[in-house]
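Each protein sequence line maps, in turn, to chains A and B.
Count the first sequence with this note's numbering and you get residues 1 to 212, in order.
Count the second sequence with this note's numbering and you get residues 1 to 48, in order.
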Amino acid sequence: MQTIKLNIFYLSASLSFGALRSMGNALIKNEDVQDVLSISEIKICLDTLTEAKWIKLGKTANNLCVGLPFEGADLLHIVVCKALEGKRKCRKYLPIEVFIYGAMESLVDAFIKKRKSDPLQLTRHISEENDVTELIDLFSNNIDTPEEELIASQALQRIEQLFEGDENSLKILSYQMDNLTPADIQELMQLTSVQYASALRAIRRKYEKLEI
Amino acid sequence: MTSEAKNTFEQLFNIAQARSREIISMPDDEILIEANKDSTLKMHTLKR
Numbered sequence: 001m002q003t004i005k006l007n008i009f010y011l012s013a014s015l016s017f018g019a020l021r022s023m024g025n026a027l028i029k030n031e032d033v034q035d036v037l038s039i040s041e042i043k044i045c046l047d048t049l050t051e052a053k054w055i056k057l058g059k060t061a062n063n064l065c066v067g068l069p070f071e072g073a074d075l076l077h078i079v080v081c082k083a084l085e086g087k088r089k090c091r092k093y094l095p096i097e098v099f100i101y102g103a104m105e106s107l108v109d110a111f112i113k114k115r116k117s118d119p120l121q122l123t124r125h126i127s128e129e130n131d132v133t134e135l136i137d138l139f140s141n142n143i144d145t146p147e148e149e150l151i152a153s154q155a156l157q158r159i160e161q162l163f164e165g166d167e168n169s170l171k172i173l174s175y176q177m178d179n180l181t182p183a184d185i186q187e188l189m190q191l192t193s194v195q196y197a198s199a200l201r202a203i204r205r206k207y208e209k210l211e212i
Numbered sequence: 001m002t003s004e005a006k007n008t009f010e011q012l013f014n015i016a017q018a019r020s021r022e023i024i025s026m027p028d029d030e031i032l033i034e035a036n037k038d039s040t041l042k043m044h045t046l047k048r
């Protein structure tokens, strides 16, 4: 996207899951202007984002769009535009790539909740409504169609096929599908944190071979 | 959308979320090493 130089918001090498989650929750709605980056500061942060961080954002955007009727590049583009328009606020202490990732995750989550025939849409976050509406408008021809549901089912089947015979990985994936926490999964499977981290690494490497 | 399909989308999202949070938390040098092993992925991602 831009020339890649030194990133002034260097993300700690071992950002914990809990820390990431709390940072994600820092996407703010009624922000204190003193605590958030201005649009020009966001632009500078994006301009100086390192190659590694763009790769992270590209990969995570692609992951979030598996089985959905739009691509990671589109999702990333929308979120970056919204940040540059000032529609998404970023706290000053938050690494910019964590902010962008959190916004993508939040948008896809809201998009899924807002789908037709979904009673959970009543629980949607009002502040995300415009974002999601924009996303739906952009892909209106592909929303809530049988084809879309078929693509999602096929994506899930391909994931299951990819891990066929690997009982440990399938078990972890199954628990993750049910949205269990890492702590719960470790306890259920009697895995140490090291064993769990190793299993996750193996799953991630295999998952990245998906071409959906 | 059927409840089964709804469940499919949520399951896909939960899996993607777990994978993505791992990636965002990874050390930068590890990401670069992996990307260098897959030059296609690297170029593809950077173009975006």
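Cβ coordinates follow ideal geometry from the N, Cα and C atoms, glycine included.
Reducing DSSP to helix, strand and coil, say where A/Arg201 ends up. helix
Using a Cβ distance threshold of 8 Å, determine whether the segment 8-15 of chain B contacts the segment 35-48 of chain A, with at least three qualifying pairs required. no
Selection from A/Leu107, A/Gln186, A/Asn63, A/Glu167 that minimises the alpha carbon distance to B/Glu22: A/Asn63
Does DSSP put A/Val66 in a helix, in a strand, or in coil? coil
Identify which residue in A/Pro146, A/Gln186, A/Leu75, A/Glu97 has its Cα closest to the Cα of A/Asp47. A/Glu97
Mind reading off the beta-carbon distance from A/Val79 to A/Ala103? Whole number of angstroms is fine, and I expect it under 8 Å. 5 Å
Taking 7 Å as the limit between beta carbons, can you name the residues of its chain near A/Leu188, skipping five residues before and five after? Tyr175
Just to make sure I have the definition right: I need the residues of chain A whose C-beta is within less than 7 Å of the C-beta of B/Asn14. Which are they? Gln176, Met177, Asn179
Where does A/Arg88 sit, in a helix, a strand or coil, going by DSSP? coil
Exposure label - A/Ala52; buried when at least 16 CB within 10 Å: buried
I need the straight-line Cα distance from A/Leu75 to A/Tyr101, nearest angstrom please. 10 Å
Between A/Ile78 and chain B, is any beta-carbon pair separated by less than 9 Å? no
Between which two residues does the alpha helix (DSSP H) carrying A/Phe111 extend? 96-114
Near A/Tyr207, which residues of its chain fall below 6 Å by C-beta distance, leaving aside the five closest residues on each side in sequence? none
For the alpha helix (DSSP H) that contains A/Ser174, what are its first and last residues? 167-177
Which value, in whole angstroms, describes the spacing of the CA atoms of B/Phe9 and A/Ala152? 6 Å
Which residues DSSP lists as bridging A/Val36, in chain order: A/Arg91
Indicate the three-state DSSP secondary structure (helix, strand or coil) for A/Lys53 in the structure shown. helix
A/Asp109 at chain B interface by Cβ criterion, 9 Å: yes
By DSSP, does A/Met23 sit in helix, in strand, or in coil? In this prediction, A/Met23 has a pLDDT of 49, which is less than 50 and means its spatial position is unreliable; nothing more can be read from the coordinates.
Proximity test, A/Ser193 beta-carbon vs the ligand SAH heavy atom, cut-off 8 Å: Of the ligands one can find in the structure shown there are none, so the ligand SAH has no counterpart to examine.
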